[in-house]
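Count the sequence shown with this note's numbering and you get residues -19 to 322, in order. In this text, a Cβ means the ideal position worked out from N, Cα and C, and glycines have one as well.
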Amino acid sequence: MAKVGLVTVSAVACAALGGNATSTLPPAGSANVVHVSTEMDAAGLYNRAQVKFAAHDAAGGLADLKSMLAMTSSDADALALQAIWSEQIEDAAARDAALSRLSDINPAAALTARNVIDGVNAAAQIVPSTQTVAAPSSPTAIVILGYGLRDDGTMAAELVNRLQAGLRQAHATPDIPVFVTGGVPKRGITEAAAMKAWLLVHGVAESRITTEDRSTSTVTNAQYTTELLRQRGIAEAILVTSPSHIRRAAANFASAGTRVTGAVTTATDLDKYLTPYTREQQAGIRLEATRAAGIPVTKTGSAQPDPGGGALPGAADFAGLSDVVGRFLDLIMESSGSLSAQ
């Protein structure tokens, strides 16, 4: 069933691109379809590559990026994706060539691409643990990730579990700040506000707590919290979340620019998540990590980033995943590496 879903996502997405994302794609069934790469503009090739990456066709997506870069060899987003997805298929030569070219034309983009590559590789190897970790010598924060509130604004049991794990870490490292992250208000209460109130009741000083209450997904958890950390001169974090969520969260934070130096999880289903991700399973967190890094999902004409930042037509876009839906994604990746059920 998952295999059928994957084919459907890919087929629908590619069909949608042909009708909407670029006017130069020939219609289905055209005799010229074999020569589509020579007739499609650069933006269309970029968008089609992104559809293929979402469908776990890394090789196909890379082929489209290669065609695009033959037209516009200095597109930083395409080079970044080429490096990131060459890592997925273990093509070190292509990865390094893309990074070298990118370093010459846009050093900041090259650093972002390396953050994604290194972040996904490190996240895939995380073994969830309830044990607290020692704080490194450099400026670090504890970041407790939110979890959807109940409709009445009260906290779900797993969010309390995350807070209890975060409290243990706060006691173990009493000199570092605590950030709580999560928006999506229920009855006027955000996840971050509810989390802060709980920590205050349990003895954490208010001066130690910073709230991030704009985010609606793990991607925006990482992006907005990274902004707040930078304002405090902090580049590293100890993440606190659930075993099912820690690898995806760590990849996103690293890709957004926060180095993950430690992880503490709840005990929820811990034994189900002790095996590191396979290369196939990494495709899902790699895709979402590119969103956290701010690499455009789509481009418009002349290969300009889509100002709307919208999802590819018909393709799965994980930037706005709620935590509940995201947990479902994690379960799928654990079992088969497929994103098709999303």
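Check, Outcome
"Glutamate 186 by DSSP, collapsed to three states: which one?", "helix"
"By DSSP, does glycine 242 sit in helix, in strand, or in coil?", "strand"
"Where does isoleucine 106 sit, in a helix, a strand or coil, going by DSSP?", "coil"
"CA-CA distance, proline 149 and methionine 48?", "First, the residue type needs correcting, since residue 149 is glutamine and not proline in the sequence shown. Taking the straight line from one Cα to the other gives about 47 Å."
"Could you check the C-alpha separation between serine 109 and alanine 103 for me, to the nearest Å?", "13 Å"
"Is glutamate 70 helix, strand or coil by DSSP?", "coil"
"Consult DSSP for valine 164 and reduce its assignment to one of helix, strand or coil.", "coil"
"Spatial neighbours of glutamine 68 within its chain, please: CB distance less than 8 Å, with the 5 preceding and 5 following residues excluded, ordered by chain position.", "Ala38, Arg259, Gln262, Ala263 and Arg266"
"Roughly how many whole angstroms lie between the Cα atoms of alanine 8 and valine 244?", "Unreliable placement is indicated for alanine 8, whose pLDDT of 38 sits below 50; no coordinate value is reported for it."
"Please classify glutamate 186 as buried or exposed, where buried requires at least 16 neighbouring CB atoms within 10 angstroms.", "exposed"
"Could you tell me which uninterrupted beta strand (DSSP E) segments, each at least 3 residues in length, are contained entirely in the stretch 231 to 279, listed from first to last along the chain?", "239 to 245"
"What would DSSP say about leucine 143, mapped onto helix, strand or coil?", "helix"
"Any chance the stretch 82 to 97 sits against the stretch 198 to 211, with 3 or more Cβ pairs inside 8 Å?", "no"
"Kindly indicate which three-state DSSP category leucine 25 falls into: helix, strand or coil?", "helix"
"Could you give the uninterrupted runs of the alpha helix (DSSP H) lying entirely in the stretch 93 to 138, keeping only those of 4 residues or more?", "none"
"Exposed or buried, which one is proline 256 when buried takes at least 16 other CB atoms within 10 Å?", "exposed"
"Taking Cβ positions, are threonine 238 and alanine 269 nearer each other than 8 Å?", "no"
"Return the CA-CA distance between threonine 153 and tryptophan 178, expressed in angstroms with no decimal places.", "18 Å"
"Figure out for me which residue from His151, Ala115 and Asp57 has the closest Cα to the Cα of proline 276.", "Asp57"
"Tell me whether glycine 126 is buried or exposed, calling it buried when 16 or more other Cβ atoms sit within 10 Å of its Cβ.", "buried"
"Among residues of its own chain, excluding the 5 on either side of valine 96, which ones have a beta-carbon nearer than 7 Å to its beta-carbon?", "Ile64, Ser235, Ala269, Thr270 and Ala273"
"Can you give the Cα-Cα distance for leucine 323 and leucine 61, rounded to whole angstroms?", "The requested residue 323 does not occur in the structure, where the chain is confined to residues -19 to 322."
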